[in-house]
Amino acid sequence: MNNYSNRRFIIGGIFAFVILIFIIRLFNLQIVNDKYKLSAESNSQRRVIQYAARGLIYDRNGELLVYNQAAYDVMIIPRQVKTFDTLDFCYLIGIDKEDVIQRIKKAKKHSRYRSSIFIKQLSSERYAVLQEKLYKYPGFFVQTRTLRKYPHHNAAHTLGYLGEVNDRHIKKDKYYSQGDYIGKSGLENTYESVLRGAKGLKVYWVDVYNRIKGSFHDGDLDRNAVEGQNITTTLDINLQEYGEELMQNKKGGIVAIDPKTGEILVKLSSPGYDPEMFVGRAMSKNYSELANNDTLRPLFDRSMMATYPPGSIFKLVHALIALQEGIITPQTRFKCHNGYHVGNFTQGCHEHRSPLNLRESIQHSCNAYYANTFRNILDAPRFGSVSESYTNWRRHITSFGFGGKLGTDLPSELTGFIPKSSYHAKQLKTKNWKSLNIVSMAIGQGPLLITPLQMANMVSCIANRGYYHIPHIVKSIGNDNTIDPKFLEKKQTTIDAKYFEPIIDGMDLVVHGEDGSTGKSAAIKGIRVCGKTGTVENPHGDDHSVFVAFAPRENPKIAIVVYVENGVWGSRYAAPISGLMIEKYLKGEISDNKRYLEKRMLEADLIHIEKDEEEQNKE
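Residue 448 in the numbering used here is what sits at position 448 of the sequence shown, and the numbering runs on without skipping anything.
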């Protein structure tokens, strides 16, 4: 009896053990391991991402700059793929057999049960043909998304472009998944979260041939995509287009700002590129070609990322600092004998009458005047040392937005370089360095580096008589006319408003003076333009041409900088281009008496001139 009882318990234990194994196995299959569940679901369902229409982008006058058009991605679920006519499939989508095999292998590595992109951005023509025969290819389906289109082929650096997300993007923001697109540069990058909207989802029942039979569970799992918000920019696209035409075959940048608000009217870098080049399946090839163009560097945004010596336009700031510090008055005169001479040191200057007062020094851009002024600022007796006075000088300089990021709403802004006192001590290998050691900075040379955006901001400060708004590119988002409060805040310089008038008088003389003025080509009939030319020394070739200006003198509506690399003198290219841009903005058209100048600027070619000279030498 005892033995029978024991056997009964042993057999019962064995049954219990077997049942437990089945329970564990079922739990593993149904709960822990979702392989079979996914397989079953994937055979009966199709989950299709609904990509939101990206927000549109407009210029300040309501002109459409960026819109969307449909594109088609061929998707694959490897588990559902059956044997198919590879050659016919290749013909339909426009790739070769080896490419198809490699793409299927890649998709299997991603997941056998979940969908992934097989081929991106199929043309509408190929999609129309493929759609009719898609039932022959189980495991493949088409997903619609949108591509950007540009009715104006301008402002590429400002608008930016889209690119496929990488692992870093996905890890940083769970919103994104493989195959999604994200703003990579420009406005598309800064305002990505606003423009992208929110993805939706559609879940369908499909039959054994992968044909849609209806919504899954009456659409309980579906969610609608939410369109991105539209953006109105501060750009004037007509003025932008005109600027790009004038800068064709030239290297450099133009930035124009409404000084009252800090709104950027024009921001261009030349040479540039057509934004359409970064749309569609040719994007990778086009990007590679542009990125590898080391001569022209079209992807490099010279308006915000190029740092140049400012040249003579920096004299305007030195004059303001000297007035503020009581170093000079508007009547102060310095002599110039073809330059500034101390012992064996000479800083040359062009011929002009001498001596000059402050207004005349700006009109004639006298190097000797500013060498004296700069040294007197640094050697002021009330400071204990040159290093201490230099630190005070730098405080004034940085109040104009130099030496740091302005904080604009575009990515990739560089700071430029305004050296600290310690920099000179290190370079000169002494703490007891003298003002003469850095006198080249008096005329905007030496280690100074400034971006065109900062130069435009400087002239905005002068136009406003002492303050600026942070330059920005977005005017409104969606139906909300409010912008980031920081763009509404006035940033005061360290210079009192009363000291700006004599500087503006000098800038007026640069354009309208009768005697040796360097900016006459920027003059506009009926409009008082205030400007300053600059010729920036360039050890690697011809000097650079730069001009800053604002207009009208009273109640200014535009502040501008034009920087033309290898343009030799500020009066040769930068000044006339500035004048044409200002007239185009304020009058809407170019006067007949300026057509000859416009023609000369449009036809000027500073990029191919060296090649032409080489060819002539060969002949």
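For glycine and all other residues, C-beta sits at the position ideal for the given N, C-alpha and C.
Under the DSSP assignment, Cys461 falls in the alpha helix (DSSP H) whose first and last residues are Pro452 to Ala463. In the DSSP assignment, Trp433 falls outside any beta strand (DSSP E) and carries neither an H nor an E. Annotated as proximal: Tyr72 and Val142, with beta-carbon spacing under 7 angstroms. The shortest C-alpha to C-alpha distance from Glu125 to any of Leu92, Arg528, Lys202 and Asn538 is the one to Leu92.
Here the alpha carbon of Val317 sits roughly 26 angstroms from the alpha carbon of Ser412. If you check the CB distance, Thr415 and His472 do not come in under 7 angstroms.
Counting along the chain, Asn372 sits inside the alpha helix (DSSP H) bounded by residues Asn367 to Leu378.
Counting other Cβ atoms within 10 Å of its Cβ, Gly519 reaches 16 or more and is therefore classed as buried. Asp542 places its beta carbon 7 angstroms or farther from that of Val536. For the segment 148 to 200, the continuous alpha helix (DSSP H) assignments of 4+ residues that do not extend past its boundaries occur at 156 to 159, 167 to 172, 186 to 190 and 192 to 195, in sequence order. Close CB contacts of Lys251 within its chain, under the 8 angstroms cut and outside five residues either way in sequence, are with Ser270, Pro271, Leu296, Arg302, Val564, Glu565, Asn566, Leu606 and Ile607 (chain order).
Taking a cut-off of 8 angstroms on C-beta distances, the segment 233 to 244 does not touch the segment 80 to 89, as fewer than three cross pairs fall below it.
A distance below 6 angstroms between beta-carbons, with the five flanking residues on each side excluded, links Lys108 to the following residues of its chain, in chain order: Pro78.
Residue state for Trp205 is assigned as strand, using DSSP reduced to three classes.
Proximity of the segment 323 to 332 to the segment 350 to 363 meets the contact definition, three or more beta-carbon pairs being nearer than 8 angstroms. When the beta-carbon positions are compared, Arg148 and Val279 come within less than 7 angstroms of each other. For Val510, the three-state secondary structure derived from DSSP is helix. Residue pairing by DSSP leaves Met581 without any beta bridge partner. Between Tyr161 and Pro298 the beta-carbon gap is near 13 angstroms, outside 8 angstroms, which marks them as no contact. Following the DSSP letters along the chain, one finds Gln102 inside the alpha helix (DSSP H) bounded by residues Lys97 to His110. In this structure, Gln50 is the residue among Ile19, Gln50 and Ile560 with its C-alpha nearest to the C-alpha of Tyr204. The segment 495 to 502 makes no contact with the segment 571 to 586: fewer than 3 CB pairs, one atom from each, lie closer than 8 angstroms.
A straight line joining the alpha-carbon of Val206 with that of Gln45 spans about 6 angstroms.
Taken through DSSP and simplified to helix, strand or coil, Tyr67 comes out as strand. Taking Pro447 as the centre and dropping the five residues before and after it, the same chain places the C-beta of Pro419 closer than 6 angstroms to its C-beta, in chain order. Ile438 and Ala368 have their C-alpha atoms some 14 angstroms from each other. Straight through space, the alpha carbons of Glu192 and Ala52 are spaced by roughly 13 angstroms. Scanning Val546, Ser435 and Ile257 for the CA closest to the CA of Pro381 turns up Ser435.
When C-beta atoms of the segment 252 to 263 are compared with those of the segment 457 to 475, three or more pairs fall below 8 angstroms, so the two segments count as touching.
Tyr51 carries a coil assignment under DSSP once its states are collapsed to helix, strand and coil. 7 angstroms or more divides the Cβ of Thr234 from the Cβ of Glu188. The C-alpha of Phe550 is placed about 21 angstroms away from the C-alpha of Glu489. In the three-state DSSP reduction, Lys250 falls in the coil class, being neither helix nor strand. Note that the C-beta distance between Ile313 and Tyr370 is not below 7 angstroms. Taking the CA atoms as reference points, Ile104 sits about 17 angstroms from Gln121.
Rounded to whole angstroms, the Cβ separation of Val548 and Met455 is 6 angstroms, and the two are in contact under 8 angstroms.
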